[in-house]
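Peer 1: For what it's worth, the working numbering labels the leading residue of the sequence shown as 38, then goes sequentially.
Glycine included, C-beta positions come from ideal geometry on N, C-alpha and C.
Bear in mind the structure is a predicted one, so any value in this text is a computation, not a measurement.
Below: one structure in structure tokens.
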Amino acid sequence: NGEGFVLEAVVSTQSTGDKDNFEKQLKINDSFLQDIDAEDLVNYGIIPEFVGRMPLCVSLMSLDKEALVTILTQPKNSILSQYKYLFTLDDCELVFTDDSLDAVAELAIKKRTGARGLRSILENILMATMYEVPGSDIAEVTITRAVVEGTGKPILKTRTKQQDEIQAAAVNI
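Here's what the structure looks like:
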């Protein structure tokens, strides 16, 4: 049936590396992959003894941009809140614009890394800033779409002397 053809095309694309041509040619979607069963694996050429040892055949659905943004922001210990906490240790606030979060999700989709790639994308974006903030007078770092796309730099806001005096007085109390 048709699923065997799709499975064969997926495997051959992975071996040749011609992903763009494959996507243009087949335009498969996640719901189609859900219909692949053990018979299709045997028809493709995987030995039946091996297929019989797999209790389930499961396809994973791709995450869309909204799902990736949710993963970045919603969980209690989200990746974004972890980085914000790291910056607060140096008395600095980390701010991401909504547009920048969309750009991070789009980059993860483009790189085909999914949710697992979000941390490395954020780390690459924030690496230089994480070394710049400690020991400086930077009070806020704002990440925009241009920063994520590599065409701009983070917006850095510095503390005023009055803010430093207020903070020092609060610590002394």
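Ordered along the chain, which non-local residues of its own chain (more than five positions away) have a Cβ less than 6 Å from that of Thr110?
Peer 2: Leu117
Peer 1: If you follow the alpha helix (DSSP H) that Val184 is part of, which residue opens it and which one closes it?
Peer 2: Per DSSP, Val184 belongs to the alpha helix (DSSP H) from 182-186.
Peer 1: Tell me the residue span of the alpha helix (DSSP H) that contains Ile158.
Peer 2: 155-169
Peer 1: Indicate the three-state DSSP secondary structure (helix, strand or coil) for Thr197 in the structure shown.
Peer 2: Thr197 falls in the coil class under three-state DSSP.
Peer 1: On a CA-only basis, which of Thr188, Met167, Gly172, Gly187 is nearest Val178? Give me that one, please.
Peer 2: Met167
Peer 1: Just checking my contact of Ile24 with Ile162 at CB under 8 Å: how many whole Å lie between their CB atoms?
Peer 2: There is simply no residue 24 to check, as the chain begins at 38 and stops at 210 in what is shown.
Peer 1: Taking the C-alpha atoms as reference points, what is the distance between Leu131 and Asp174?
Peer 2: Approximately 14 Å between the Cα atoms of the pair.
Peer 1: Where does Leu131 fall in DSSP's three states?
Peer 2: strand
Peer 1: Considering only their Cβ atoms, is the gap separating Ser137 from Val184 smaller than 9 Å?
Peer 2: yes
Peer 1: Pick helix, strand or coil for Thr10, following the three-state DSSP scheme.
Peer 2: Because the chain here runs from 38 to 210, residue 10 falls outside it and cannot be looked at.
Peer 1: Go through its chain and collect everything with a Cβ distance to Pro85's Cβ below 6 Å, but skip five positions before and after it.
Peer 2: Val79
Peer 1: Where does the unbroken alpha helix (DSSP H) through Asn80 begin, and where does it stop?
Peer 2: 75-81
Peer 1: For Gly189, report the span of its alpha helix (DSSP H) as first-last.
Peer 2: Gly189 -> no alpha helix (DSSP H), and no H or E assigned at all.
Peer 1: Applying the 10 Å Cβ sphere with the 16-neighbour rule, what's the burial state of Leu126?
Peer 2: exposed
Peer 1: Does the Cβ of Pro191 have 16 or more other Cβ atoms within 10 Å, making it buried, or fewer, making it exposed?
Peer 2: buried
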